[in-house]
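Note sheet for the following structure.
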Amino acid sequence: MRIVSEHDCPKSVEGFSYDPEPNRSFDHLVSETESFEKKLNAFTKFHQPFTKTTSRTDIAFVMRVSEDDMDSDEDVENNDQQDKEKSQICTCDDLYLSDDDEFDHELEYTIMNKMGPALAENDHQTKSTEDIQNQVSVVEKEIRNKIERALSAIALVEKYRENRREVERSLDLQYKREVSEALETHMNVVKREHAIISI
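Quick note on numbering: numbering that gives the first Met the number 0 labels position 140 of the sequence shown as 139, and the sequence is numbered without any gaps.
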């Protein structure tokens, strides 16, 4: 009797097939792993940036330093030619180095000329950033001043309203007092008149 497990996943995805058979030999597993690595390497081949040569070799950068000062110029030229043939990874053909002060000044001038536009652009960006920051500071200061003026105006309005309420209270009390006094005087007059009539 044999039990076969059925999976809901697809049998093949992106060229990789799923085999539910667990009884495989070691050689079969090795060959399947190698084919999987080849497929994976085929998917992970990306363009190599910053390369100026069409192809790269496995030969690393070679730098030869001769310990014998009596070598001939031909040997040096042959060694240079062999080195150029072996390694094309790092070349600086347009750069000539010398101990001469004049050359140092020329090199510095060349580098400064090449860096000039970048420095000018950087200075422009720095100046623009400083101008924007100054404008933002001015606007923030104006906003703070307006807020302070608004708060002081609101405080004055509240103080005026409170004073007005006090005046209205005092006027109301004075009016009520006058009304009560007038009423009391009227009542006294009425009482006297009744007393005179009753006599």
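Ideal placement from N, C-alpha and C gives every residue a C-beta, glycine not left out.
Given this structure, state the Cα-to-Cα distance separating residue 136 from residue 171, to the nearest angstrom. C-alpha separation (whole angstroms): 52 Å.
Residue 35 - DSSP class collapsed to helix/strand/coil: Helix at residue 35.
Backbone CA spacing between residue 144 and residue 175 [nearest angstrom]: A straight line joining the alpha-carbon of residue 144 with that of residue 175 spans about 46 Å.
Going straight from the alpha carbon of residue 193 to that of residue 182, what length do you get? Their Cα atoms are separated by approximately 17 Å.
What does a CB cutoff of less than 8 Å around residue 69 pick up in its chain, not counting 5 residues either side in sequence? For residue 69, the predicted structure reports a pLDDT of 49, less than 50, and the residue's modelled location is therefore unreliable. A value from the coordinates is still provided. Correct list: empty, nothing qualifies.
In chain order, which continuous runs of the beta strand (DSSP E) of length 3 or greater are located wholly inside the segment 113-154? As far as the segment 113-154 is concerned, it has no whole beta strand (DSSP E) run of at least 3 residues.
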